[in-house]
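Peer 1: Here the protein sequences line up with chains W and S, keeping their order. If you're matching positions, the first sequence starts at 27 in this note's numbering and goes up one per residue. If you're matching positions, the second sequence starts at 27 in this note's numbering and goes up one per residue. Even for Gly, the Cβ is constructed at its ideal location relative to N, Cα and C. Before I ask anything, here is the structure I am working with.
2 protein chains.
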Amino acid sequence: MNQIDKVLSFIVEIEKLKDVQRKTRPVGLKRYENSAEHSWHVCLSALMLKDYANDDINIDRVIKMLLIHDLGEIDAGDTIIYASETQELKDEEASGINRILSLLPEGKGEEYMRLWLEFEAGETPDAIYAKAIDRVPPLLHNLHDNGHSWKKNDVPKEKVLTLNSRIAKGSDELWSNLKEKLEKAGDKGFFA
Amino acid sequence: MNQIDKVLSFIVEIEKLKDVQRKTRPVGLKRYENSAEHSWHVCLSALMLKDYANDDINIDRVIKMLLIHDLGEIDAGDTIIYASETQELKDEEASGINRILSLLPEGKGEEYMRLWLEFEAGETPDAIYAKAIDRVPPLLHNLHDNGHSWKKNDVPKEKVLTLNSRIAKGSDELWSNLKEKLEKAGDKGFFA
C-alpha cells in the first residue's frame with residue numbers, strides 16, 4: 027500500500043469513533059453524544075478557555091492531544107469517569123490506539139502514541155489542562171439536563187465534586203466557577 | 027456576565043453543531059453525519075495528511091480553521107458542495123458565525139472571525155489546504171457507500187471530478203490518488 031493510501035485507511039478507520047456512545051446528551055438533544063463530536067467540542071473548549079489555565083500551556087499540543095485522546099475507545103468503548111478505571115480497560119485502550127496509529131505510514135504513529143501516553147499520564151501542564159477540559163462538557167450537559175446522567179448512573183453530589191475537583195489542577199478559576207454551579211445544582215436535586 | 031461564563035455560554039451554544047445534518051453517511055453507518063463530528067474528522071485528516079500539502083502550511087492554524095469552519099451552519103444549515111452557493115447563503119453563514127463568536131468575552135472573537143474569513147476566501151496556503159481536506163471525507167464516504175449521496179442528490183461523475191479537482195490546489199499528490207479512485211468508482215456505477 028502506498029503512503030497516502032495508508033493515511034486514507036487511517037482516516038476511514040477512525041470513522042468508528044462516530045459510533046462510540048457516551049453517557050451524556052448534548053444540550054438540547056435527546057440522544058447520547060458520540061466520542062467524535064465530543065472530541066471536536068473539547069478541542070474548541072480548550073482553545074477558548076486557554077487564558078484560564080494555571081500553567082503556561084502549548085495550546086497547539088493540547089488540541090492535538092484532544093483530537094486523538096479518545097481513539098482507544100474504538101476498541102475499548104467509552105467509560106463514565108465515575109466508574110473505577112481498571113488496568114484491563116486502560117490496557118485495552120492503549121492497544122486500541124496503538125492498533126489504529128499503526129495504520130499510518132511507517133514512523134508516523136509514534137509521535138501521536140507518545141502524545142496519547144502523555145495525556146493518559148496527566149502529569150505535564152499540557153496533559154493536566156487537556157484532562158481538565160475533557161471534564162467540562164459532560165458537566166455542562168448534566169447542568170442543562172437536570173442531572174440526567176448523574177441520576178441515571180446513580181452518581182451522588184459528593185462523587186461529582188470530588189472527581190471533578192481535579193479540574194482545579196488545570197484551572198483554579200474554571201473549577202471555582204463550575205463548583206458554584208454544581209452547588210446550586212445540588213439545591214435543585216440534580217444528583218442521585 | 028463574567029468572562030468564564032461568557033466562554034461557557036459559547037461552549038453550550040456550539041453544541042447545536044451536533045444537530046446539523048450533512049449529506050453523507052460515515053463509513054459503516056446508516057445515519058447521516060453531523061457537522062460537529064465532521065469537524066473533528068477533518069482536523070485529524072488535515073493533521074495526518076499535512077506532509078502532502080503543496081505549499082508550506084502552518085498546521086496549527088489549519089486545525090483552528092477547521093475547528094471553527096462550520097460554526098456558521100448552526101444558523102444557516104449545511105449545503106452540499108454540488109449545490110450552487112448563493113450570496114444570500116454565504117451572508118447567512120457569516121452573520122451566524124459572527125453571532126456565535128460574539129458570545130465570547132470582549133475582543134476574543136475577532137481573531138477567529140478573521141480566521142474564518144480567511145478560510146472562506148480560500149486564497150492563503152493554509153486556507154487552500156484546509157478547503158482541500160474538507161472535501162476528502164465526503165469523497166471517502168461515497169466511495170465506501172456505493173456513491174449513496176451522489177446518486178441521491180443526482181450528481182454525475184463529471185461534476186464530482188470538476189468540483190473536487192480543487193483538492194489539487196492544496197495537494198497534487200492527494201488529488202491524483204483520489205482521482206484514480208473516482209475513475210474506478212465510475213466503472214462501478216457509483217454516480218448519478
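Does the distance from the CB of residue 49 (chain S) to the CB of residue 106 (chain S) come in under 8 Å?
Peer 2: For the purposes of this step, residue 49 (chain S) is taken as residue 23 along the second sequence, with counting starting at 1. For the purposes of this step, residue 106 (chain S) is taken as residue 80 along the second sequence, with counting starting at 1. Yes, Cβ-Cβ distance for residue 49 (chain S) and residue 106 (chain S) is below 8 Å.
Peer 1: Return the bridge partner residues of residue 60 (chain W) from the DSSP annotation.
Peer 2: Residue numbering aside, residue 60 (chain W) sits at position 34 when the first sequence is read from its first letter. Looking at the DSSP assignment, residue 60 (chain W) forms a beta bridge with W:47.
Peer 1: Between the stretch 66-77 of chain W and chain S, which residues of the former have a C-beta closer than 9 Å to a C-beta of the latter?
Peer 2: 66, 67, 69, 70, 71, 73, 74, 75 and 77
Peer 1: Check this for me: beta carbons of residue 98 (chain S) and residue 120 (chain S), under 8 Å apart or not?
Peer 2: Here residue 98 (chain S) corresponds to residue number 72 of the second sequence, with the count starting at 1. Here residue 120 (chain S) corresponds to residue number 94 of the second sequence, with the count starting at 1. Cβ distance < 8 Å, so residue 98 (chain S) and residue 120 (chain S) count as in contact.
Peer 1: Regarding residue 155 (chain W) and the ligand GDP, is the C-beta to nearest heavy atom distance less than 7 Å?
Peer 2: Looking at this structure, you won't find the ligand GDP or any other ligand, since it has none at all.
Peer 1: Would you report the Cα separation of residue 60 (chain S) and residue 46 (chain S), rounded to the nearest angstrom?
Peer 2: Locating residue 60 (chain S) in the second sequence gives position 34, counting from the first residue. Locating residue 46 (chain S) in the second sequence gives position 20, counting from the first residue. Going by the C-alpha atoms only, they are around 5 Å apart.
Peer 1: If you reduce the DSSP assignment to three classes, tell me which class residue 161 (chain W) lands in.
Peer 2: As a working note, residue 161 (chain W) is residue 135 in the first sequence. Residue state, collapsed to three classes: coil.
Peer 1: Alpha carbons only, please: which of S:58, S:180, S:167 and S:196 is nearest the one belonging to residue 208 (chain S)?
Peer 2: Working through the second sequence from its first residue, we reach residue 208 (chain S) at position 182. Selected option, being the one with the closest Cα: S:167.
Peer 1: Would you verify that the beta carbon of residue 156 (chain S) is, or is not, closer than 8 Å to some beta carbon of chain W?
Peer 2: By one-based count along the second sequence, residue 156 (chain S) stands at place 130. Chain W contact via Cβ: absent.
Peer 1: Which residues, in order along the stretch 87-102 of chain S, keep a beta-carbon less than 8 Å from a beta-carbon of chain W?
Peer 2: Cβ contacts with chain W: 89, 90, 93 and 94.
Peer 1: Closer than 8 Å, CB to CB, is residue 40 (chain S) near chain W or not?
Peer 2: Mapped onto the second sequence, residue 40 (chain S) falls at position 14. Output row for residue 40 (chain S): interface = yes.
Peer 1: Any residues in the stretch 158-176 of chain W with a beta carbon nearer than 8 Å to a beta carbon of chain S? Which ones, in chain order?
Peer 2: 162, 163, 166 and 170
Peer 1: Does DSSP put residue 129 (chain S) in a helix, a strand or coil?
Peer 2: Within the second sequence, residue 129 (chain S) is the residue found at index 103, counting from 1. Residue state, collapsed to three classes: coil.
Peer 1: Please return the same chain residues whose Cβ sits closer than 8 Å to the Cβ of residue 102 (chain S), not counting the five positions on each side in sequence.
Peer 2: What you label residue 102 (chain S) is simply residue 76 of the second sequence in a count that begins at 1. Answer for residue 102 (chain S): 115, 118, 119 and 122, listed in chain order.
Peer 1: Thinking residue 74 (chain W) and residue 130 (chain S) are a contact (beta carbons under 8 Å), I'd like their distance in whole angstroms, please.
Peer 2: Within the first sequence, residue 74 (chain W) is the residue found at index 48, counting from 1. Within the second sequence, residue 130 (chain S) is the residue found at index 104, counting from 1. Sure, about 6 Å apart at Cβ, within 8 Å.
Peer 1: Closer than 9 Å by beta-carbon distance: list the chain S residues that pair up with residue 130 (chain W), in chain order.
Peer 2: Residue mapping note: residue 130 (chain W) aligns to position 104 of the first sequence, counting from 1. Within 9 Å Cβ-Cβ: 74.
Peer 1: Just to check my reading of the structure: residue 203 (chain S) and residue 30 (chain W) have Cβ atoms closer than 8 Å, yes? What is that Cβ distance to the nearest angstrom?
Peer 2: Taking the first residue of the second sequence as position 1, residue 203 (chain S) is located at position 177. Taking the first residue of the first sequence as position 1, residue 30 (chain W) is located at position 4. Confirmed, Cβ separation roughly 5 Å.
Peer 1: Could you list the residues in the stretch 173-207 of chain W with a C-beta less than 8 Å from some C-beta on chain S, going in chain order?
Peer 2: Within the stretch 173-207 of chain W, 199, 200 and 203 place their CB atoms closer than 8 Å to a CB of chain S, listed in sequence order.
Peer 1: Select from the stretch 47-66 of chain W all residues with a C-beta closer than 8 Å to any C-beta belonging to chain S, and list them in chain order.
Peer 2: So the list reads 52, 53, 54, 55, 59, 60, 62, 63, 65 and 66, given in the order they occur along the chain.
Peer 1: So residue 45 (chain W) contacts chain S; which residues on that side make the cut at Cβ distance below 8 Å?
Peer 2: Locating residue 45 (chain W) in the first sequence gives position 19, where the first residue counts as 1. Neighbours of residue 45 (chain W) on chain S, chain order: 52, 54 and 55.
Peer 1: How long is the line joining the alpha carbons of residue 57 (chain W) and residue 51 (chain W), rounded to whole angstroms?
Peer 2: If you number the first sequence from 1, residue 57 (chain W) lands on position 31. If you number the first sequence from 1, residue 51 (chain W) lands on position 25. Looking at the two C-alpha atoms, the distance is approximately 6 Å.
Peer 1: Counting only runs that start and end within the stretch 82-139 of chain S, where is the alpha helix (DSSP H) found for 4 or more residues in a row?
Peer 2: 85-94, 99-102 and 113-127
Peer 1: Residue 31 (chain S) versus chain W: which residues are under 8 Å apart at the beta carbon?
Peer 2: On the second sequence, residue 31 (chain S) is found 5 positions in, with the first residue counted as 1. Here the neighbours are 203.
Peer 1: Let me see if you follow: with CB-CB separation under 8 Å, is residue 34 (chain W) close to chain S or not?
Peer 2: As a first step, residue 34 (chain W) is located in the first sequence; it is residue number 8 there, counting from the start. Output row for residue 34 (chain W): interface = yes.
Peer 1: Work out the CA separation of residue 170 (chain W) and residue 214 (chain W) for me, nearest whole Å.
Peer 2: Here residue 214 (chain W) is taken as the residue at index 188 of the first sequence, counted from 1. Here residue 170 (chain W) is taken as the residue at index 144 of the first sequence, counted from 1. Answer to the nearest angstrom: the Cα atoms are 12 Å apart.
Peer 1: For residue 214 (chain S), which three-state DSSP category applies?
Peer 2: For the purposes of this step, residue 214 (chain S) is taken as residue 188 along the second sequence, with counting starting at 1. Coil, per DSSP.
Peer 1: Between residue 37 (chain S) and chain W, is any beta-carbon pair separated by less than 8 Å?
Peer 2: Taking the first residue of the second sequence as position 1, residue 37 (chain S) is located at position 11. Closer than 8 Å to some Cβ of chain W, the Cβ of residue 37 (chain S) qualifies, so yes.
Peer 1: Identify the continuous alpha helix (DSSP H) that holds residue 34 (chain W) and give its terminal residues.
Peer 2: Taking the first residue of the first sequence as 1, we reach residue 34 (chain W) at position 8. Start and end: 29-39.
Peer 1: Under a Cβ-count criterion, where at least 16 other Cβ atoms within 10 Å of its own Cβ denotes burial, should residue 87 (chain W) be classed as buried or exposed?
Peer 2: Against the first sequence, residue 87 (chain W) aligns to sequence position 61. When all chains shown are included, residue 87 (chain W) counts as buried.
Peer 1: Would you call residue 28 (chain W) buried or exposed, if buried means 16 or more other Cβ atoms sit within 10 Å of its Cβ?
Peer 2: One-based indexing of the first sequence puts residue 28 (chain W) at position 2. By the neighbour-count rule (16 or more Cβ atoms within 10 Å), residue 28 (chain W) is not buried but exposed.
Peer 1: Using CA coordinates, which residue listed in S:84, S:32 and S:104 is at the minimum distance from residue 62 (chain S)?
Peer 2: Here residue 62 (chain S) refers to the residue found at position 36 when the second sequence is read from its first residue. Nearest Cα to residue 62 (chain S) within the set S:84, S:32 and S:104: S:104.
Peer 1: Can you tell me the Cβ-Cβ gap for residue 164 (chain S) and residue 218 (chain S), rounded? I've got them flagged as a contact below 8 Å.
Peer 2: In the second sequence, counting from the first residue as 1, residue 164 (chain S) sits at position 138. In the second sequence, counting from the first residue as 1, residue 218 (chain S) sits at position 192. Not confirmed; about 15 Å, so no contact.
Peer 1: Apart from the five residues just before and just after residue 64 (chain S), which ones in its own chain have a Cβ nearer than 8 Å to its Cβ?
Peer 2: Walking along the second sequence from the start, residue 64 (chain S) turns up at place 38. 48, 96 and 163.
Peer 1: Starting from the Cα of residue 109 (chain S), find the closest Cα among S:206, S:185 and S:196 and give me that residue.
Peer 2: Within the second sequence, residue 109 (chain S) is the residue found at index 83, counting from 1. It is S:185.
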